[in-house]
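Mapped onto the UniProt record's numbering, the consecutive letters of the sequence shown carry residue numbers 1 to 125.
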Amino acid sequence: MIQETTEKSVLIKQRIQAAQDRQKSYADRKRKPMKSEVGDRVMLKVLARVGDVAYKLELPQELCRVHHTFHVSNLKKCYTDEPLAMLLEGVHIDDTLQFVEELVEIMEREIKRLKRSRIPLVKVR
């Protein structure tokens, strides 16, 4: 009886491992490791690579209290035309790290109703 229990335990462990390997292979098909070089942009400039999965970024002065090392899962490669890039000097950020924007013109207003709640939709230029 002990031998039978041991054999079943080994069989269960093998099946769990096979299921984990199968799930990992499914997940790995969708994942592509991000490769960035020093000087590349991921919305901010990459200063250095820290280990296999972390990068040190050049943060603006407004974000001086934020740690400058980020995991690759938090980064996306920046594909942009340099002439169209917006300088960080033109972006205003308040103390709560929210963008401060001035609207130019309200183009359209609409109120969307969902059951009990109302959601105002405003299109600005």
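All residues carry an ideal CB built from backbone N, CA and C; glycine is no exception. Computed from a prediction, not measured in an experiment: that's the story for all the values here.
Query, Result
"Secondary structure of Glu-105, DSSP reduced to three states", "coil"
"Option in Leu-114, Glu-110, Arg-22, Val-72 with minimal Cα separation from Val-122", "Glu-110"
"Whole-number beta carbon distance between Val-66 and Tyr-55, since they are thought to touch under 8 Å", "Actually they do not touch by this definition, with Cβ atoms about 14 Å apart."
"Which residues DSSP lists as bridging Pro-120, in chain order", "Ile-111"
"Nearest to Lys-45 (by Cα), restricted to the options Tyr-79, Ile-119, Arg-113, Ile-2", "Tyr-79"
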